[in-house]
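In terms of the numbering used here, the sequence shown opens at residue 15 and continues consecutively. Accompanying notes for the structure given below.
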Amino acid sequence: MDYSHQPVMVDEVIEYLITDTKGLYVDGTAGTAGHSIEICRKLEPFGRLICLDVDNEAVRITSERLSQFKDLVAIVKGSYVELKDILGKLGIGKVHGILLDLGMSSHQLELSGRGFSFLRDEPLDMRMDEDTELNAEELVNTLTREKLEEVIWNYGQERWAKVISRAILKERQKCPIRSSKQLSRLIEGAIPDKHHPRRIHPATKTFQALRIAVNRELNNIRDFLKTAPQLLEKKGRLVVISYHSLEDRMIKHTFRHWSSSNSYPRKLPVSDTGKHSSMRIVTKKGIKPSENEVYLNPRSRSAILRVAERC
Ligand SMILES: C[S@@+](CC[C@H](N)C(=O)[O-])C[C@H]1O[C@@H](n2cnc3c(N)ncnc32)[C@H](O)[C@@H]1O
Numbered sequence: 015m016d017y018s019h020q021p022v023m024v025d026e027v028i029e030y031l032i033t034d035t036k037g038l039y040v041d042g043t044a045g046t047a048g049h050s051i052e053i054c055r056k057l058e059p060f061g062r063l064i065c066l067d068v069d070n071e072a073v074r075i076t077s078e079r080l081s082q083f084k085d086l087v088a089i090v091k092g093s094y095v096e097l098k099d100i101l102g103k104l105g106i107g108k109v110h111g112i113l114l115d116l117g118m119s120s121h122q123l124e125l126s127g128r129g130f131s132f133l134r135d136e137p138l139d140m141r142m143d144e145d146t147e148l149n150a151e152e153l154v155n156t157l158t159r160e161k162l163e164e165v166i167w168n169y170g171q172e173r174w175a176k177v178i179s180r181a182i183l184k185e186r187q188k189c190p191i192r193s194s195k196q197l198s199r200l201i202e203g204a205i206p207d208k209h210h211p212r213r214i215h216p217a218t219k220t221f222q223a224l225r226i227a228v229n230r231e232l233n234n235i236r237d238f239l240k241t242a243p244q245l246l247e248k249k250g251r252l253v254v255i256s257y258h259s260l261e262d263r264m265i266k267h268t269f270r271h272w273s274s275s276n277s278y279p280r281k282l283p284v285s286d287t288g289k290h291s292s293m294r295i296v297t298k299k300g301i302k303p304s305e306n307e308v309y310l311n312p313r314s315r316s317a318i319l320r321v322a323e324r325c
């Protein structure tokens, strides 16, 4: 089976994440296990890896692909936002490293049949976690025009957000918008031809915005970052790969806030247990994939990797 997702910046992830080959690590967004496999290969027999994903299919694929490492690995269907509770249930307090590779997998885009791609004719779902309620069809057919514009503008940074939201409202007065193709054609028609972007499909940004809204992607990162430092051992690392400027900005600012809190009074934020945790930035500048990687895997082109370490 070709899972088609090529993991991004694998060498860099391994180099920054694994500081102790006998340590305990979390891949918070296992996807199709591209990074997880490499982490397992690097770990010695006493090392362990906990893999999480909210997508049932990703959990199934990860379990299959990591079956040869079953003594090292625990695979859990769950959100990285709940990592503290998930670790608690496994009897674990802190780990040596956490990886988040944000966004969606190629498997979700191309094979899931959940309407992530504007090139396919699929039900407009876009949920990564099919156990949640809100899907893209509901969002597109029920939000007010203003709210739709806000979502498309904020999460897609789409300058045609007003025009697109108007076109969506007009269409849904005639009939509900149920498929990815119906929506992408509508967006293509709403943006004047001469303003169609040259390098991407006209629906790219709107689809991205809807996916981010349906899966609460920015809220999740924000909530996770509040608890992340307390889940790391001293010298433990948080490695995050983001693909969207809004995500990257949030990560960059949080890391800066953490590290500036290291100068006097040195210890922030206060964890639930009353103890303090502080972090330092390991990658002063975000790391980008090499030209060669972008050539071999064009989807990596927008990736930025940042690392912070527990002091
Ligand atoms: C870019 S893919 C990860 C690919 C993976 N690193 C690999 O190499 O195969 C992102 C994954 O994160 C998952 N995901 C999104 N939000 C999540 C969350 N809150 N908790 C856990 N997984 C999440 C998605 O379902 C998707 O499988």
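Where a beta carbon is used, it is the ideal one built from N, C-alpha and C, also for glycine.
Residue i versus residue j: straight-line alpha-carbon distance, rounded
{"i": "S81", "j": "R270", "result": "39 Å"}
{"i": "R186", "j": "H110", "result": "50 Å"}
{"i": "K184", "j": "P303", "result": "42 Å"}
{"i": "L157", "j": "E164", "result": "10 Å"}
{"i": "T43", "j": "A322", "result": "18 Å"}
{"i": "L246", "j": "I112", "result": "8 Å"}
{"i": "V266", "j": "I182", "result": "Note on residue identity: the sequence assigns Lys, not Val, to residue 266. Taking the straight line from one Cα to the other gives about 34 Å."}
{"i": "S131", "j": "D115", "result": "20 Å"}
{"i": "I301", "j": "V228", "result": "28 Å"}
{"i": "P21", "j": "G48", "result": "5 Å"}
{"i": "T218", "j": "G105", "result": "42 Å"}
{"i": "S292", "j": "R212", "result": "45 Å"}
{"i": "Q122", "j": "L239", "result": "25 Å"}
{"i": "S120", "j": "Y309", "result": "17 Å"}
{"i": "I166", "j": "H258", "result": "14 Å"}
{"i": "C65", "j": "T76", "result": "8 Å"}
{"i": "E307", "j": "G203", "result": "35 Å"}
{"i": "N233", "j": "L125", "result": "26 Å"}
{"i": "G326", "j": "L101", "result": "Outside the displayed range of the chain (15 to 325) lies residue 326, so it cannot be described from this structure."}
{"i": "L200", "j": "R313", "result": "25 Å"}
{"i": "K249", "j": "V68", "result": "28 Å"}
{"i": "S198", "j": "L133", "result": "8 Å"}
{"i": "V284", "j": "T241", "result": "Model confidence at V284 stands at a pLDDT of 48, short of 50, so the residue's coordinates are unreliable; what they give is reported in the following sentence. If I take the Cα positions, the gap works out to 10 Å."}
{"i": "R159", "j": "E172", "result": "15 Å"}
{"i": "A175", "j": "C189", "result": "21 Å"}
{"i": "M264", "j": "R79", "result": "32 Å"}
{"i": "W272", "j": "T297", "result": "14 Å"}
{"i": "F83", "j": "P59", "result": "10 Å"}
{"i": "L86", "j": "T146", "result": "30 Å"}
{"i": "K56", "j": "T33", "result": "11 Å"}
{"i": "C325", "j": "T35", "result": "19 Å"}
{"i": "R251", "j": "D41", "result": "12 Å"}
{"i": "K161", "j": "L153", "result": "10 Å"}
{"i": "K208", "j": "I214", "result": "14 Å"}
{"i": "N155", "j": "D99", "result": "35 Å"}
{"i": "S316", "j": "G37", "result": "30 Å"}
{"i": "I178", "j": "N311", "result": "31 Å"}
{"i": "T268", "j": "K103", "result": "27 Å"}
Among the options, nearest to residue i - alpha-carbon criterion
{"i": "Y39", "options": "K219, L97, P312", "result": "L97"}
{"i": "I295", "options": "A44, V253, E305", "result": "V253"}
{"i": "L224", "options": "R236, G129, N306", "result": "G129"}
{"i": "M142", "options": "S131, N155, M118, R134", "result": "M118"}
{"i": "D262", "options": "R173, I318, E152", "result": "I318"}
{"i": "L31", "options": "I255, D207, S198, E160", "result": "I255"}
{"i": "S275", "options": "P243, S126, T297, S259", "result": "P243"}
{"i": "A88", "options": "G61, E71, D69", "result": "G61"}
{"i": "E71", "options": "V154, V90, R313", "result": "V90"}
{"i": "E231", "options": "P206, I178, G170", "result": "G170"}
{"i": "R74", "options": "N149, G92, N311", "result": "G92"}
{"i": "Y94", "options": "E160, L148, R236", "result": "R236"}
{"i": "P206", "options": "P216, C189, D34", "result": "P216"}
{"i": "H19", "options": "R199, G45, F83", "result": "G45"}
{"i": "K299", "options": "R320, N311, R315, F221", "result": "R320"}
{"i": "I226", "options": "K36, K84, G127, L260", "result": "L260"}
{"i": "M23", "options": "R324, C325, E305", "result": "E305"}
{"i": "N149", "options": "F221, K103, R315, H209", "result": "F221"}
Beta-bridge partners of residue i, as assigned by DSSP
{"i": "V87", "result": "L63"}
{"i": "L320", "result": "Per the sequence shown, residue 320 should be read as Arg rather than Leu. Looking at the DSSP assignment, R320 forms a beta bridge with V254."}
{"i": "L38", "result": "R62"}
{"i": "I214", "result": "In the DSSP output, where bridge partners are listed per residue, I214 has none listed."}
{"i": "I301", "result": "L319"}
{"i": "I28", "result": "In DSSP, I28 forms no bridge with anything."}
{"i": "M293", "result": "R324"}
Residue i at chain B interface by Cβ criterion, 8 Å
{"i": "S119", "result": "No chain B is present in this structure, which holds just one protein chain."}
Problem - Complete alpha helix (DSSP H) runs within the stretch 216-280 (minimum length 4 residues, chain order) - result: 218-228, 231-241, 259-274
Exercise for the section: Let me know the alpha helix (DSSP H) ranges lying completely inside the stretch 102-131, each 4 residues or longer, listed in chain order. Expected result: 120-125
Practice task
Please determine if the stretch 123-139 and the stretch 188-203 are in contact, where contact requires at least 3 C-beta pairs separated by less than 8 Å.
Solution key: yes
Handout entry: Complete beta strand (DSSP E) runs within the stretch 135-200 (minimum length 3 residues, chain order)
Key = none
Exercise for the section: Evaluate the contact criterion for the stretch 47-60 versus the stretch 18-35: three or more CB pairs, one atom per stretch, below 8 Å. Expected result: yes
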